[in-house]
Every structure is written in structure tokens, then in C-alpha cells.
Amino acid sequence: MKKVAIIMGSDSDLPVLEPAFDILKQFNVPFEVHVYSAHRTPETVFEFSRNAYSNGIGVIIAAAGKAAHLAGVIASHTAVPVIGVPVKSSTLDGMDALLSTVQMPGGIPVATVAINGSKNAALLACEILSLGDEMLMERILGFREIMMADVLKKNDEIFKTYSSL
Ligand code: RP5
Numbered sequence: 000m001k002k003v004a005i006i007m008g009s010d011s012d013l014p015v016l017e018p019a020f021d022i023l024k025q026f027n028v029p030f031e032v033h034v035y036s037a038h039r040t041p042e043t044v045f046e047f048s049r050n051a052y053s054n055g056i057g058v059i060i061a062a063a064g065k066a067a068h069l070a071g072v073i074a075s076h077t078a079v080p081v082i083g084v085p086v087k088s089s090t091l092d093g094m095d096a097l098l099s100t101v102q103m104p105g106g107i108p109v110a111t112v113a114i115n116g117s118k119n120a121a122l123l124a125c126e127i128l129s130l131g132d133e134m135l136m137e138r139i140l141g142f143r144e145i146m147m148a149d150v151l152k153k154n155d156e157i158f159k160t161y162s163s164l
């Protein structure tokens, strides 16, 4: 199976990415994790991105805060799909990172999830990889079934506790 690569702009972003690690482990999707910065280690980002496809990487998750250009820079050097996670790490509460990540000019796409939305980034990465892996697709559908049953159970409890009929 192709791997997912998770790249963060700084080790200070690490806590935001823990939900992504959990999801990928849950779905048995192999992943590697790096701290590479578009402005502090530009050459490493270039090398990584240029070699991503030949290194067996099928999806890249790029998380960064502030003037977050990491996802766009990676995407500019590879056609491996890039999912951007804007990180809330500044006085602007992540709005700066969200706009920097999501507003890519036409030609170089970055699929951007919510601020700190690494869980959905990992799920989207699994969905992309599942197009070539029926068992992974089954695991994702099973996960959704469990989620649905969980919400309906909560609905039952809240309906019984709070309704006044
Ligand atoms: C970004 O700047 C990183 O992704 C991080 O979110 C933010 C702050 O980085 P540090 O100064 O904590 O290393 O590049």
C-alpha cells in the first residue's frame, strides 16, 4: 500500500496532528512523520516533495500555522495529492493559516481542511488511498456505521431525557 506522509512546519504543531496519527493507525495505513519548514528548511522540503512519488507516498498531509505556505510549496513540487491542515498557532487564531492554505491560485491544488482539522485530513487521505484498496474502503464504511450508531444512541438518550411531550 502507498504511504501517507505527514509534514509539519514546526514541532510546536505536533499536538494538532495526534488525531491524524490515531486515524491512520486505526485504518492500518502506513505513514511517516517529518518536521520540514518551507521557510526554515526550504531545500529539504524541495527534496522531499520531488521524491515523494518515487518513495511510495500516495497522499501528503501538510500542517502549518501563521503565514502557512508549506502545503502550497510541497504541492508545487509534486503531483501527489496534498491535504493542507491550517494550524491555530498565532494571535489570529489560525485564520491566517486557513487563508494562506486554502487560497491557492489555480493550477496547484491543496485540499484544505478545517483549522486544526487533522482528523478529517487523515480520513480524506484514507479515502483517497481506498480507491485502489477495497479492504480499506470497507474499513472506512464500517467506521461510518459505528459513528452513525453512536449518534443515534445519543439521540435516544437526549430525546428521552429532555423532551417534554
Ligand atoms: C509555522 O509557524 C509552524 O507551522 C508553526 O505553526 C508556526 C510557529 O512555529 P514555531 O515558531 O513554534 O516553530 O511555520
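The sequence shown lines up with residues 0 to 164 when you count with numbering that gives the first Met the number 0. All residues carry an ideal CB built from backbone N, CA and C; glycine is no exception.
Quick check on the DSSP output: what are the complete beta strand (DSSP E) runs of length 3 or more inside the stretch 45-75, in order along the chain? 56-64
Can you list, in chain order, the residues of its chain whose CB lies under 6 angstroms from that of Gly83, leaving out five sequence neighbours each side? Ala61, Ala70, Thr100, Val109 and Thr111
May I ask you to verify whether the stretch 23-30 touches the stretch 132-147, counting CB pairs closer than 8 angstroms and requiring at least 3? yes
What is the DSSP secondary structure of Ala110, reduced to helix, strand or coil? strand
Give every residue of the same chain whose Cβ lies closer than 6 angstroms to the Cβ of Ala121, excluding the five residues on either side of it in the sequence, and list them in chain order. Ala19, Ile22 and Leu23
Continuous beta strand (DSSP E) stretch holding Met7: start and end: Lys2 to Met7
Assuming Gly57 and Ile127 make a contact with CB atoms under 8 angstroms, what is their CB distance in whole Å? 7 angstroms
C-beta atoms of Lys65 and Ala113 nearer than 8 angstroms: no
Return helix, strand or coil for Gly116, following the three-state DSSP convention. coil
Backbone CA spacing between Met7 and Asp132 [nearest angstrom]: 27 angstroms
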